[in-house]
Structures are given as structure tokens and as C-alpha cells.
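S.K.: Quick mapping for you: the protein sequence lines, in order, are chains A and B. 1 is the number of the first residue of the first sequence in this note's numbering; add one for each residue after it. 380 is the number of the first residue of the second sequence in this note's numbering; add one for each residue after it. All C-beta atoms, glycine included, are put in the ideal place defined by N, C-alpha and C. For reference, the structure I am asking about is given below.
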Amino acid sequence: MPLVLNDEQGLLRDSARGFLAKNAPVSHLRKLRDQRDETGFSRALWKQFAEMGFAGILIPEEFGGAGLGYVEAGVVMEEIGRTLTPSPFLSTALLCAGTIARAGSEAQKKEHLGKIAAGERIGAFAIDEHSKHNPAQIALSAKRSGNGFSLNGAKGIVVDGHVADFLIVAARTSGEPGETKGITLFIVDPKTKGIETERTIMVDSHNAARISFDNAQVNADAVLGEVDQGWKIIEGALNVGRAAVASELVGAGEEAFARTANYLKERKQFGKRIGEFQALQHRAAHLYCEIEITRAAVLKALQTLDEHFDHAGSIVSVAKARAGASATLAVQEAMQMHGGFGMTDEFDIGFFMKRVRVGQELFGDSNFHADQLARLNRY
Amino acid sequence: MSDLEVFRKETRAWLEKNCPPEMRKPVQSEEEICWGGRKWKFHSEAQRVWLERMAEKGWTVPEWPKEYCGGGLSREEAKILQKEMRALGCRSPLDSFGIWMLGPALLKYGSEEQKREYLPQIVQGKIRWCQGYSEPNAGSDLASLATKAEDKGNHFLVNGQKIWTSYADKADWIFCLVRTDFSAPKHEGISFILFDMDSKGVSTKPILLISGKSPFCETFFDNVEVPKKNLVGQLNKGWEIAKYLLTHERAMIGGMGLRAAGRPVSQIAADSVGLDAEGRLADPVLRGKIAEVSIDEMAFVFALERAGDLAKAGQANPAFSSVLKYYGSELNKRRHELLMAAGGSAALEWESPRSKQGALARAWLRTKANSIEGGTSEVQLNIVAKRILDLPGA
Ligand SMILES: Cc1cc2nc3c(=O)[nH]c(=O)nc-3n(C[C@H](O)[C@H](O)[C@H](O)COP(=O)(O)OP(=O)(O)OC[C@H]3O[C@@H](n4cnc5c(N)ncnc54)[C@H](O)[C@@H]3O)c2cc1C
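Quick look at the structure:
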């Protein structure tokens, strides 16, 4: 398969770009932040996402979705990266819907997928417990009790956790933290007694929550997949999340870079446009190269998810590691080359820097994925 | 089964049958690379057979048209061939400036007669070419070159000097930039000509490199007579051809490091620093750096693939070859710095059978040229700034 977008994917990109530029430019995020919006996103916009077919992008057509693939999901994420639009697209449409579509029972699919596709239900994926991503370290426990399980423990940085209608929670049903065996996924109602949700205002004004579980009871039919066998499902979901965030980082990095390149052509000092200085030209050209190399790796990761889902791990790690690093370089250079203006809250560049920092951290930063690749190659 | 799947199966079967086992082992030394040409002495019978069989199918240059003896494969077929060759560990049957540089330029700018004359000989490895671009006073500023070719009616009379001419002493023919109009602005008085290195008046003097080898030369032209029909394209319009050829050369140099990659750095490092109880390299800082370079290498492989696909789809900026040249050559330098760090003092033995006569160190030193040859990294960044980013004054 050629490593370029095909015609339909190109059209999808154009329509997502047009839609987001019109309905949710960076000023949309700024407004939500300044108004201290309680949910941190716009439900009306999410409804429009659903009408565009984005909310059900990974959901099979029989359940009311668009039945598209990971390349298409990445295309939309990249455009979201350009406008920094906060929405449940990642948490709900990609992580939760994707996981249920791949691993859920018929009943679970019937229960959730149609509503997600219609934009009527929001889900959040609760994995990480520590400050640094390390999914095998899951300690939140699920002990058999009655005809179900009792959950105890806590999750951090649950994207959209404070507005979710349901949670997919990774819990330990056997084994020790650090082991990949013995993890089980549950679909949980966040209003269950014993569950406390604290919205955390993050540096990037996007949404996340800390969620604690104190003897929260769930029924046996809440299990997603099989008891103790959750790791493979989690790995798949995380790879989707990583490739998706990598796409978002490509979009955010490229937008920050485009704004910077424009600034180099406009801003004058010493009687010249600053883009005439070779010191800046070379840095800009280097950054362009980094972004382009990353773009190829990210598209390859998305295509690999579509074609060989279970063998995408190392390519996804390459993509996420590269995307984190090159988007970080992009926002750092953007900040420096905008001079004092870049430092002001009024200027948008700061929003890009903040979001990229969060994206770098989500589902493993560049260091995590370098380590991951070394492990996969046994050194 | 789709056509491509059939092609894959047939290709694999053909390679298994026709690629000699010796040609499926990694290249151990520069001498094992096949360059072909009139003066070529095959390193082994296997090397000869491998070139002959691949050339017969046109698979030394899979994507060139069949009418010039190329493979006539589509881009997707060529990718499959490459993948299958990689899977079996097949060596490149032929390395050649004709394939990488001159051929693409002739396909675009050559006359029909020139194509029929030169392209099949390139495919078959019969003529080895060298590149006469750089001069002592025309390096990065290549267009200021001064080697002159005067019109003498039925031939050009060439006088001047080239430098850094790779393999000039081993090559059969040269593609050469000459000035044919000294009064025109510097880009508009250059012509692109071809001639036989055995012509009277051509001489070469090898230059020793820091790696201890002398793959390139000073090349002198003293009243060399070149037939007029050896002019490619129009008189004084050679600069455009020269630049087009450079875009191919640059993409090639960018990908060179990956082609040559032998044992993984991590394995070399494991030999010298060992593994810890969990099976990780015992030097955690080195381990991290190796992983980072591996990530960049994998990503770069995809970038090369994508660049080819974009070109095929007609969506490529020709200046993108500068991105590949810059990134690939800098990456190869990083890789070899790590190989030296991984190899430790054993890699420093210059003259010893243990180190294969300093193979690692010589290769490391050779890579320093990657960001100079074919246009320096700084020149590539200038091109990206100007031709892709459209920055002012660039
Ligand atoms: C191993 C090897 C093989 C080669 N093979 C061939 C060959 O086969 N045929 C051939 O014709 N040539 C060949 N070359 C020559 C090569 O193309 C030149 O060396 C190269 O173009 C640089 O020219 P120079 O050496 O004169 O350096 P210079 O141009 O003098 O450059 C010196 C330094 O100044 C920098 N610099 C120059 N101009 C600028 C600018 N505008 N902005 C910023 N920095 C600048 C350069 O980047 C470099 O760092 C080969 C070189 C090597 C090392």
C-alpha cells in the first residue's frame, strides 16, 4: 500500500479541516478556558462531530458507525491537533468505541456503540495509576464479591473522566503489579457507589480526571473480554491511542511550525525580515525535516494498525516516540522564534506548547517508547 | 490471489533459485560491493553470476523501462522485489553512479540515441561512470566551475581540473560539467557532457582519505577531444540537468547508510558492555541512545518509502531529496558514532585481523563525508529553506 493518503482519505482530511477551522479554531479552546466551562468541551460541537460521522468513525456500520479504519481516525486527530479542539473524540470514539467494537460482547456492542456513534454517550478509558505511563503496573484491584466484583484503587489522568457516561477500567484480578497477566477490563457506570471523580484542570485546558474506587461493586457482565486476559485488549487500545495522539502531535507541531514560518516572513528586525537570517533558516529547515520524517512514521503506524493490528507495537512506538520529540521541538522553536510575543497568553503559541506537553506524556513519552523498542528488540 | 501476490510468490521463488548463497550474506568489506565496468574484476564467481542473472531480468534497475533493458516494474512491484530481497538478505547485485545519477538524467534529458547507447550498458554493469562536478574552487558554489569546453566544429576541446572525483581512476566514462560560455551569468554558461576516461589527455591522481583509503581523485583534462554528440540536452543548459541529477544523487546518499547497515548496534554493544540481569544493555545511557537512533532509522525507512510514493503520485517537491540527503547522512554519522562507542577499544585497532583491519573505524571515518559529498548539510538546509519553506532571501 502506498505510504500516502488515498483520495477518500484526502477528502476526509479536507472536510475535517474545513469543519474544525470554521467551528472550533484555537479561539474555541481559549473561550472554554476563559469561561471556566464546567465540562471543558462543547456538547453542541460533539453533536456535530457525530453528524459528520466522526464519533462513530471506528464503529461498524451495522451499529450505526462509519466503519472506517485507523488511518481515517488519525487523519481526524491530526486536524484536531491543528486547532487544539477539545472533544471526546480520543476517549470515546477511538479508545472506548474501538475497544468495545474489537473485544466487547454482542450485548455490550448493542448497548454502547449506537449511542456513541450518535454522539449521545461519552466514555473514558481508565488505565494509568502513576504519574508516568506504565500500564503493566496496574494495581487497582477487582476481587470477586457476590455475583460480581468489588473495585478498590485509583486512576489518574483519565481523559474525559469527569464527563463520561461510562468508564472502561483496567483492574487486577490476579498477579502482582508489573505482571501483564491477571488484568481484567470492566465497563463501569461512574455513578456507582464508591466511585469518586475529581476533575483536574490540566495545563493544556483539556479534560482529565482522577477517579477513585472504594469498594465499588460491579456485576459479572461488566467484564469486557475475559477475566485475567485483559492485557492484549489493553495493548491494542493503547496502540490505537498512541498512534492517534501521535497524529494529533503531528498536526499540532505542523501548525505551530506553519505559524512560525509565516512569522519569519513578516517580522522585521535590523531592516530585514528575520527569515533572512541563516541561523533561523537552518533551524526552520531542520525542524521541517524532523516533522516530515515523523509524518511518514505515523502514517505507517496507522496503516499497520489497519493491516496487521497485532503486529503494530514496534512501529507504533517509533511513531509515538518521534511525534513526541518532533512536536516538542516544533513548539520550542516556535516559542523562541516568536520572541517576546510568543510568551504572551494573548498569542496562541503557548496553547500549542501546553497541549504538546500533554500529548508527549499521554500513553508513554518518547523515553518510554525508546525503552519499549529496546525491550522488543531484546537489549 | 491478487496480481501483486502472484508477483510476490514468483519473485520469491526466482530469488531463492537464482541468488547464490554467498550473495545472501552481509557485505563484509568494500571489496565485496560489485561496481561493474570494463576494468572490474569480480570478487567471486557468485558475484558475477548474481549480476548476470539480475541484469538479464533488468532487476539491477527494476523501475526503468523495458525498452532500455530495465525491469519495467511498477512501483508496487519494485517495493515487493526490494522486500523479498531484504527478507532473503540478498546483496545489491550492482552499485553504480550510472543507476543512481546519470540514468535518471538521461531518461529525462537524453536524446533517444543516447538512451539506447548508454542505458542498457548501465543496467548490465558494463560501463562504470564517475561524476565530474566539483573543482578546487567550485565546491558548494558549484555553478562557479571553470573547466572549459571550446567548440572546435566537430568536437569540444576540454581543459581544466576536477577534484574529489569518486573512483575516477576506476571509472570508464565521466559525466562532466563544463563551461561553454564564459560571458553568460554563471548558471547559464554550463553544459553537461559525457566522455570516455580513456580519451587522450585525461589523467587522474588518487587522494588519500582519513579512512586510509583513496576512493577519490584529482582529475585533469588536457586538450581532451569530446565528440559533439556527447552533449546531453542543449548547449549552455547543463545546469538544469546537473541539478536534476543531484536530486537523485541526494536521495541515494540519504538512503546509503541503511543499505550498508550490518550487525545491529545493540548486538555490538552487548558484546562489549554486556547485559544486566533483566537482559538489558548494562550501559543504560548507551542503551537509550541506541534506541533513539533505531527509532530514527525506522522512521527514516518509512520517509524514504513515502518520498518514493509521493513522487509516483506526482505530489513530490523535487527539493525533498535535500530533506532525505540531510537527514539520512546526519543519521548515518550518528549511527557510526554509536557503533564506535559500542565497539570500545576493540574498534580502535587499525591494523589487526581481530578488527578486520579496523573495518568499523574506517567505516566510521568514511561516514564523515556523507554530510559533505553531494552537497553539504548546510547547502541542503539552504535548499529546504528556499525551495520548500520559501523563506526570504534564502
Ligand atoms: C567522499 C567524497 C566524495 C565525493 N565525490 C565527488 C564526486 O564523485 N564528484 C564530484 O564532483 N564531487 C565529489 N565530492 C565533492 C563534494 O561534492 C564537495 O566536497 C562538496 O560539494 C563541498 O564542497 P567543498 O568541499 O569545496 O566545501 P566548501 O564549499 O568550501 O564548504 C566548506 C564549508 O562551508 C560551508 N558552506 C559553504 N557555502 C555555504 C553557504 N552558502 N551557507 C552555509 N554554509 C556554507 C559548507 O557547508 C562547509 O561546511 C565528493 C566529496 C567527498 C567528501
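Who does Ser141/A pair with in a DSSP beta bridge?
M.R.: As a working note, residue 141/A is residue 141 in the first sequence. Bridge partners of Ser141/A: Asn152/A, Arg172/A.
S.K.: Is Ile751/B near ligand 1, judged by its Cβ being under 6 angstroms from some heavy atom?
M.R.: Along the second sequence, one-based indexing puts residue 751/B at 372. Because some heavy atom of ligand 1 lies under 6 angstroms away, the Cβ of Ile751/B counts as near it: yes.
S.K.: Mind checking if Glu292/A is an interface residue toward chain B, Cβ cutoff 7 angstroms exclusive?
M.R.: Translated into positions along the first sequence, residue 292/A becomes position 292. For Glu292/A, the answer is yes, since a Cβ of chain B falls inside 7 angstroms of its Cβ.
S.K.: Buried or exposed, going by whether 16 or more other CB atoms sit within 10 Å of the CB of Val385/B?
M.R.: By one-based count along the second sequence, residue 385/B stands at place 6. Counting Cβ neighbours within 10 Å, Val385/B comes out exposed, since fewer than 16 surround it.
S.K.: Arg273/A bridges to which residues according to DSSP?
M.R.: Locating residue 273/A in the first sequence gives position 273, where the first residue counts as 1. BP columns for Arg273/A point to Lys268/A.
S.K.: Excluding the five sequence neighbours on either side, which residues of its own chain have a C-beta within less than 7 angstroms of the C-beta of Phe49/A, listed in chain order?
M.R.: In the first sequence, the residue the question calls residue 49/A occupies position 49. Within the same chain, Phe49/A has close Cβ partners Ala55, Ser87, Phe89, Gly119.
S.K.: Between the alpha carbons of Leu11/A and Ser131/A, how many angstroms are there, rounded?
M.R.: Taking the first residue of the first sequence as 1, we reach residue 11/A at position 11. Taking the first residue of the first sequence as 1, we reach residue 131/A at position 131. Taking the straight line joining both Cα atoms gives about 39 angstroms.
S.K.: Name the residue from Ala107/A, Ile233/A, Leu249/A, Lys265/A whose alpha carbon lies nearest to the alpha carbon of Gly182/A.
M.R.: Numbered from 1 along the first sequence, position 182 holds the residue referred to as residue 182/A. If we check each option's Cα against that of Gly182/A, Ile233/A comes out closest.
S.K.: Compare the C-beta of Phe386/B with all C-beta atoms of chain A and state if any pair is closer than 7 angstroms.
M.R.: As a position in the second sequence, residue 386/B is number 7, starting the count at 1. It does not: the Cβ of Phe386/B has no partner Cβ on chain A nearer than 7 angstroms.
S.K.: Would you say the beta carbon of Thr755/B is closer than 6 angstroms to some non-hydrogen atom of ligand 1?
M.R.: Here residue 755/B corresponds to residue number 376 of the second sequence, with the count starting at 1. Indeed, a heavy atom of ligand 1 lies less than 6 angstroms from the Cβ.
S.K.: May I ask which residues mark the beginning and end of the alpha helix (DSSP H) holding Ala97/A?
M.R.: In the first sequence, counting from the first residue as 1, residue 97/A sits at position 97. From DSSP, the alpha helix (DSSP H) with Ala97/A extends over 97-103.
S.K.: What residues of chain B sit near Gly178/A, judged by a beta carbon separation below 9 angstroms?
M.R.: Here residue 178/A refers to the residue found at position 178 when the first sequence is read from its first residue. Result: empty, since nearest Cβ-Cβ is about 12 angstroms, beyond 9 angstroms.
S.K.: Any heavy atom of ligand 2 closer than 6 angstroms to the beta-carbon of Tyr512/B?
M.R.: Looking for ligand 2 in the displayed structure turns up nothing; the ligands present are ligand 1.
S.K.: Take Arg629/B and list the residues in its own chain whose beta-carbon comes closer than 8 angstroms to its own, dropping the five residues that flank it on each side.
M.R.: By 1-based counting over the second sequence, the position of residue 629/B is 250. Hits under 8 angstroms: Ser700, Ser701, Leu703, Lys704, Gly753, Gly754, Gln759.
S.K.: CA-CA distance, Gly482/B and Met677/B?
M.R.: Residue numbering aside, residue 482/B sits at position 103 when the second sequence is read from its first letter. Residue numbering aside, residue 677/B sits at position 298 when the second sequence is read from its first letter. About 28 angstroms.
S.K.: Quick check: is the beta carbon of Leu625/B nearer than 7 angstroms to any beta carbon in chain A?
M.R.: For the purposes of this step, residue 625/B is taken as residue 246 along the second sequence, with counting starting at 1. Closer than 7 angstroms: no.
S.K.: My assumption, with CB atoms under 8 angstroms, is that Thr197/A sits in contact with His162/A. Please give the rounded CB distance.
M.R.: Locating residue 197/A in the first sequence gives position 197, counting from the first residue. Locating residue 162/A in the first sequence gives position 162, counting from the first residue. 6 angstroms between Cβ atoms; contact.
S.K.: In terms of alpha-carbon separation, which member of His311/A, Asp306/A, Phe309/A, Gly253/A lies closest to Ile293/A?
M.R.: What you label residue 293/A is simply residue 293 of the first sequence in a count that begins at 1. When only C-alpha atoms are compared, the closest one is Gly253/A.
S.K.: Is Phe595/B near ligand 1, going by C-beta to nearest heavy atom under 6 angstroms?
M.R.: Taking the second sequence and counting its residues from 1, the one referred to as residue 595/B is at position 216. Yes, since a heavy atom of ligand 1 falls inside the 6 angstroms radius drawn around the Cβ of Phe595/B.
S.K.: What residues in its chain sit with their C-beta under 7 angstroms from that of Gly591/B, if we drop five residues either side in the sequence?
M.R.: The residue given as residue 591/B occupies position 212 in the second sequence. Counting only Cβ-Cβ distances below 7 angstroms, and skipping sequence neighbours, we find Arg741.
S.K.: Can Thr559/B and Asn615/B be called in contact, C-beta distance under 7 angstroms?
M.R.: Here residue 559/B corresponds to residue number 180 of the second sequence, with the count starting at 1. Here residue 615/B corresponds to residue number 236 of the second sequence, with the count starting at 1. Cβ atoms of Thr559/B and Asn615/B: closer than 7 angstroms.
S.K.: Taking Cβ positions, are Ala220/A and Gly148/A nearer each other than 7 angstroms?
M.R.: Reading the first sequence from its first residue, position 220 is the one you call residue 220/A. Reading the first sequence from its first residue, position 148 is the one you call residue 148/A. Closer than 7 angstroms, so yes.
S.K.: At which residue ranges does the region 469-523 of chain B contain complete beta strand (DSSP E) runs of 3 or more residues, listed in the order of the chain?
M.R.: 508-511
S.K.: Please state the DSSP three-state secondary structure of Cys596/B.
M.R.: Looking up residue 596/B in the second sequence gives position 217. Of the three classes helix, strand and coil, the one that applies to Cys596/B here is strand, per DSSP.
S.K.: Is the CB of Pro135/A under 7 angstroms away from at least one CB in chain B?
M.R.: For the purposes of this step, residue 135/A is identified with residue 135 of the first sequence, where counting begins at 1. No, no contact with chain B.
S.K.: What are the residues in the region 306-329 of chain A lying within 9 angstroms of chain B by C-beta distance?
M.R.: Ser314, Ile315, Ser317, Val318, Ala319, Ala321, Arg322, Ala325
S.K.: Just to make sure I have the definition right: I need the residues of chain B whose C-beta is within less than 9 angstroms of the C-beta of Asn377/A. Which are they?
M.R.: Position 377 of the first sequence, counted from the start, is the residue given in the question as residue 377/A. Simply Pro643, Ser645, Ala670, Ser673.
S.K.: Just verifying my parser: in three-state terms, what is the DSSP assignment at Val383/A?
M.R.: Any question about residue 383/A goes unanswered here, given that chain A covers just 1 to 379.
S.K.: Between the alpha carbons of Leu539/B and Leu524/B, how many angstroms are there, rounded?
M.R.: Along the second sequence, one-based indexing puts residue 539/B at 160. Along the second sequence, one-based indexing puts residue 524/B at 145. At residue 539/B the sequence reads Gly, which differs from the Leu that was named. Going from the Cα of Gly539/B to the Cα of Leu524/B covers about 10 angstroms.
S.K.: At a cut-off of 6 angstroms, would you count Thr85/A as near ligand 1, judging by its Cβ distance to the nearest heavy atom?
M.R.: In the first sequence, the residue the question calls residue 85/A occupies position 85. No; taking the cut-off as 6 angstroms, the Cβ of Thr85/A has no heavy atom of ligand 1 nearer than that.
S.K.: Could you spell out the range, first to last residue, of the beta strand (DSSP E) harbouring Phe186/A?
M.R.: Taking the first residue of the first sequence as position 1, residue 186/A is located at position 186. From DSSP, the beta strand (DSSP E) with Phe186/A extends over 183-188.
S.K.: Listing by chain order, which chain A residues have their CB less than 8 angstroms from the CB of Ala721/B?
M.R.: By 1-based counting over the second sequence, the position of residue 721/B is 342. Correct list: empty, because the minimum Cβ distance to chain A is about 11 angstroms.
S.K.: Assuming Val158/A contacts Ala136/A under a Cβ cut-off of 8 angstroms, what Cβ separation, rounded to an integer in Å, is found between them?
M.R.: Position 158 of the first sequence holds residue 158/A. Position 136 of the first sequence holds residue 136/A. That belief does not hold up - the Cβ atoms of Val158/A and Ala136/A are roughly 18 angstroms apart, past 8 angstroms.
S.K.: Over the uninterrupted alpha helix (DSSP H) stretch that includes Phe421/B, give me the two end residues.
M.R.: Position 42 of the second sequence, counting from 1, holds the residue named residue 421/B. Here Phe421/B belongs to no alpha helix (DSSP H), and DSSP marks it neither H nor E.
S.K.: Mind listing the chain D neighbours of Met380/B? Cutoff is C-beta to C-beta under 8 angstroms, in chain order.
M.R.: Looking at the structure shown, chain D is missing, and the protein chains on hand are A and B.
S.K.: Ligand 1 heavy atoms versus the CB of Gly772/B: any closer than 6 angstroms?
M.R.: Here residue 772/B refers to the residue found at position 393 of the second sequence. With a cut-off of 6 angstroms, the C-beta of Gly772/B is classified as distant from ligand 1, since no heavy atom of the ligand falls inside that distance.
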